[in-house]
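**Q** Residue numbers for the sequence shown follow UniProt numbering, beginning at 1 and rising by one.
Just so you know, even glycine gets a beta-carbon here, dropped at the ideal spot from N, CA and C.
Quick caveat: nothing in here was measured; it's all calculated off a predicted structure.
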Amino acid sequence: MGRATGHRAEVLRSIDQLPPGSWERLAPAGDPMWSRGVFRALERSRVGPSGYAYLTVRRGAETVAVLPLCLFRDLQLDRIVGPQERRLLAPLRRHAPRLLRVPMLFCGHLLGQGHVLAAEPLDGPAGELLVSAVLDFARRERLGTVVLKDFAGPDLAPLRAPLTAAGFFLVPSLPDTELALPADSFEQYLAALPAKPRRNARAKIRRFAARPGLRIEVLADFAHLLPAVLALYGQVMDRADQTLDVLDHAFLAALAEDPLSRLVACFEGERLVGFLLCLFTPGTGAGSGSGDGEGVVAGAAAGATGARIGLDYRLAHDAALYHNLHYAAVRLALAAGCRHIRFAQTAYLPKVELGCALVEQWHAMTHVRPLPRALLRRLLPPALTAARDRALGPHGGARPAPPHPRAEVRTEERPPHAAR
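This is the structure in structure tokens:
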């Protein structure tokens, strides 16, 4: 591909084609969603995209930047909009379903916050090379719509000038959620909550304890539970507003092999009735953990993510399963020495009650052809902003300002700003 100031761009079709150690050197140190194992699991699975690729920028023999790519050759638009928009699109789905299927290229991370993996901010010519290479790849693959998905402002800002010059426009996406864990114990975490959330938390813990036969275990070995895990996950996805990605057995089986994955599992007797899949990054002196799943990592540099949840809605409300699974994940992260734990997008009301802050994120979008690009620029920002405001509800607050073009890239997660 093209060259700029001694740089060249190249597209690889598997994460294992990257030079040894380059991914680990460039990936965010505190975000387990960006582990090599997660991307290997995605490549082995069929969770949504028809293919994956990795755009690399190299200077000589050194890999200086990596941008993962997800190829959707036949994306159903009504799967990625909110319920109100889906109702409006229902007649079109009945009478002309092909019009709702579009080829699209997502850049970043299908399941988490987007990053261009780089040890330092790309300079102007290298950023221009990256953006140009993305668009060239989209044209070759016949993927008209291009989206840099769920990027925090500091990661997007260094690319702002080349993105704007190439016809991209910014749209606020759903925020990420992050819980800071300054406490040394779960009781200290509870004590630090505001009065009403603290009372609610204690009431939900009592409600769970009052249900006979319920217990929560942390499991390092959970491959034998995957059929039950998928069934509970299916109950959640059946109620989801958006289904861009749906995890499958191959993906979960790959994560079950990862020594830093844990299943926070709730049982009624011997029956699985809820789970929260948690991923960890190793801290200083990390170990593989004990057989019961309690010892995950060692060292305060470790990061944690509650990646996906499954619930038996037959008793989820009465037993406060959602909150108690998250409380168990908080306990686990504290025991591992983590100072934060990330949770997935959506369900903002309970997550703010847990103490999570909202981390603003952005999409940068375009189309490779001028007319569709103009239509997208006119139609998508108000539609996506309205869907975002509905999802946030009372926590929407003021709309965020676009990321400042001079903001710095950080290779580790930035501290979240206050929840809105």
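Pick from Ala90, Pro103, Pro154: whose alpha carbon is nearest that of Pro121?
**A** Position 121 of the sequence shown holds residue 121. Pro121 has its Cα closest to that of Pro154, out of Ala90, Pro103, Pro154.
**Q** To the nearest angstrom, report how far apart Glu178 and Phe39 are at their CA atoms.
**A** Indexing the sequence shown from 1 puts residue 178 at position 178. Indexing the sequence shown from 1 puts residue 39 at position 39. Taking the straight line joining both Cα atoms gives about 22 Å.
**Q** Applying the 10 Å Cβ sphere with the 16-neighbour rule, what's the burial state of Gly303?
**A** Within the sequence shown, the letter at position 303 stands for residue 303. When all chains shown are included, Gly303 counts as buried.
**Q** Ala53 and Arg25 - do their beta-carbons sit closer together than 7 Å?
**A** For the purposes of this step, residue 25 is taken as residue 25 along the sequence shown, with counting starting at 1. For the purposes of this step, residue 53 is taken as residue 53 along the sequence shown, with counting starting at 1. Not closer than 7 Å, so no.
**Q** Shortest alpha-carbon distance to Ala41 belongs to which of Leu67, Thr56, Leu111, Ala29?
**A** Indexing the sequence shown from 1 puts residue 41 at position 41. Measuring from the Cα of Ala41, the nearest candidate turns out to be Leu111.
**Q** For Glu360, tell me which candidate among Asp150, Pro182, Glu62, Leu135 has the shortest Cα-Cα distance.
**A** By 1-based counting over the sequence shown, the position of residue 360 is 360. Taking only the C-alpha atoms, the option nearest Glu360 is Asp150.
**Q** First and last residue of the beta strand (DSSP E) that includes Ile341?
**A** The residue you call residue 341 lines up with position 341 of the sequence shown. 340-343 is the extent of the beta strand (DSSP E) around Ile341.
**Q** Name the residue from His115, Ala320, Ala9 whose alpha carbon lies nearest to the alpha carbon of Arg202.
**A** As a working note, residue 202 is residue 202 in the sequence shown. For Arg202, the nearest C-alpha among the options comes from Ala320.
**Q** Determine the closest residue to Asp16 out of Pro28, Ala9, Pro32, Arg36, with distance taken between C-alpha atoms.
**A** Working through the sequence shown from its first residue, we reach residue 16 at position 16. Of the candidates Pro28, Ala9, Pro32, Arg36, the one whose C-alpha sits nearest the C-alpha of Asp16 is Arg36.
**Q** Give the DSSP bridge partners of Val147, in chain order.
**A** Position 147 of the sequence shown holds residue 147. In the DSSP output, where bridge partners are listed per residue, Val147 has Phe106, Met365.
**Q** Does the contact criterion of 3 or more C-beta pairs under 8 Å hold for the region 247-254 versus the region 229-239?
**A** Yes: at least three Cβ pairs fall under 8 Å.
**Q** Going by the CB atoms, is the gap between Leu392 and Tyr322 shorter than 7 Å?
**A** On the sequence shown, residue 322 is found 322 positions in, with the first residue counted as 1. On the sequence shown, residue 392 is found 392 positions in, with the first residue counted as 1. In this structure, Leu392 does not lie closer than 7 Å to Tyr322 by Cβ.
**Q** Please work out which residues of its chain come closer than 6 Å, Cβ to Cβ, to Ala307, disregarding the five sequence neighbours upstream and downstream, and give them in chain order.
**A** The residue labelled residue 307 in the question sits at position 307 within the sequence shown. Result list for Ala307: Leu277, Leu279, in chain order.
**Q** Which residues share a DSSP beta bridge with Val171?
**A** Counted from its first residue, the sequence shown places residue 171 at position 171. Paired residue(s): His363.
**Q** Check each candidate in Ser45, Val64, Glu268, Leu379 and name the one with the smallest Cα separation from Leu214.
**A** Looking up residue 214 in the sequence shown gives position 214. That would be Glu268, whose Cα lies nearest to the Cα of Leu214.
**Q** Among Pro282, Leu325, Leu255, which residue has its Cα nearest to the Cα of Phe275?
**A** Here residue 275 corresponds to residue number 275 of the sequence shown, with the count starting at 1. Measuring from the Cα of Phe275, the nearest candidate turns out to be Leu325.
**Q** What are the boundary residues of the alpha helix (DSSP H) that Ser185 is part of?
**A** Here residue 185 refers to the residue found at position 185 of the sequence shown. It is not in any alpha helix (DSSP H) - Ser185 carries neither H nor E in the DSSP assignment.
**Q** Using a Cβ-Cβ cut-off of 6 Å (strictly less than) and excluding sequence neighbours within five positions of Ala138, which residues of its own chain qualify?
**A** Translated into the one-based positions of the sequence shown, residue 138 becomes position 138. Leu105, Val146, Val368.
**Q** Short of 6 Å in beta carbon distance, which residues of its chain neighbour Asn200, apart from the five on each side in sequence? Order them along the chain.
**A** Position 200 of the sequence shown, counted from the start, is the residue given in the question as residue 200. No residues qualify anywhere along the chain.
**Q** Mapping DSSP to helix, strand and coil, what is Ser132?
**A** Position 132 of the sequence shown, counted from the first residue, corresponds to residue 132. Ser132 falls in the helix class under three-state DSSP.
**Q** Going by C-alpha distance, which of Arg142, Ala383, Pro182 is nearest Leu334?
**A** As a position in the sequence shown, residue 334 is number 334, starting the count at 1. When only C-alpha atoms are compared, the closest one is Pro182.
**Q** Spell out the partners DSSP gives Glu24 in its beta bridges.
**A** Within the sequence shown, the letter at position 24 stands for residue 24. Glu24 pairs with nothing; no bridge assigned.
**Q** Mapping the DSSP letters down to three states, classify Thr243 as helix, strand or coil.
**A** Residue 243 sits at position 243 when you count from the first residue of the sequence shown. Three-state DSSP puts Thr243 in coil, outside helix and strand.
**Q** Just to check my reading of the structure: Leu170 and Ala364 have Cβ atoms closer than 8 Å, yes? What is that Cβ distance to the nearest angstrom?
**A** As a working note, residue 170 is residue 170 in the sequence shown. As a working note, residue 364 is residue 364 in the sequence shown. About 6 Å separates the two Cβ atoms, so the contact holds.
**Q** Once DSSP output is grouped into helix, strand and coil, what is the label at Ile309?
**A** Against the sequence shown, residue 309 aligns to sequence position 309. Strand.
**Q** Measure from the alpha carbon of Gly337 to the alpha carbon of each residue in Thr346, Phe343, His317, Thr281, then state which is nearest.
**A** Numbered from 1 along the sequence shown, position 337 holds the residue referred to as residue 337. Out of Thr346, Phe343, His317, Thr281, Thr281 has the C-alpha closest to the C-alpha of Gly337.
**Q** Using the DSSP secondary-structure output, state which residues sit across from Asp176 in a beta bridge.
**A** For this step, residue 176 is matched to residue 176 along the sequence shown. Partner(s): Val359.
**Q** Just to confirm before moving on: does the CB-CB distance between Val273 and Asp318 stay below 7 Å?
**A** As a first step, residue 273 is located in the sequence shown; it is residue number 273 there, counting from the start. As a first step, residue 318 is located in the sequence shown; it is residue number 318 there, counting from the start. Result no, Cβ atoms of Val273 and Asp318 do not sit closer than 7 Å.
**Q** Using CA coordinates, which residue listed in Glu257, Lys351, Val330 is at the minimum distance from Glu187?
**A** Along the sequence shown, read from residue 1 onward, the residue named residue 187 stands at position 187. For Glu187, the closest alpha carbon among the candidates Glu257, Lys351, Val330 is that of Val330.
**Q** Should Leu159 be labelled buried (16 or more other beta-carbon atoms within 10 Å of its own) or exposed?
**A** Position 159 of the sequence shown holds residue 159. By the 10 Å Cβ count, Leu159 comes out buried.
**Q** Would Phe251 and Val47 qualify as a contact pair, given that the criterion is a beta-carbon distance under 7 Å?
**A** As a working note, residue 251 is residue 251 in the sequence shown. As a working note, residue 47 is residue 47 in the sequence shown. In contact: Phe251 and Val47 (Cβ atoms closer than 7 Å).
**Q** Using the Cα positions of Arg93 and Leu75, report the straight-line distance between them to the nearest angstrom.
**A** To locate residue 93, count along the sequence shown from 1; it is residue 93. To locate residue 75, count along the sequence shown from 1; it is residue 75. C-alpha separation (whole angstroms): 13 Å.
**Q** Helix, strand or coil for Leu276, going by three-state DSSP, please let me know.
**A** Position 276 of the sequence shown, counted from the start, is the residue given in the question as residue 276. Leu276 falls in the strand class under three-state DSSP.
**Q** Can you tell me where the alpha helix (DSSP H) holding His249 begins and where it ends?
**A** In the sequence shown, counting from the first residue as 1, residue 249 sits at position 249. Counting along the chain, the alpha helix (DSSP H) containing His249 begins and ends at 249-256.
**Q** DSSP puts Gln76 in a beta bridge; with which residues?
**A** Counted from its first residue, the sequence shown places residue 76 at position 76. DSSP, once it has assigned bridges, lists Arg101 as partnering Gln76.
**Q** Taking the alpha-carbon of Phe208 as reference, which of Tyr327, Glu353, Gly6, Cys356 has the nearest alpha-carbon?
**A** Residue numbering aside, residue 208 sits at position 208 when the sequence shown is read from its first letter. Answer by Cα proximity: Tyr327.
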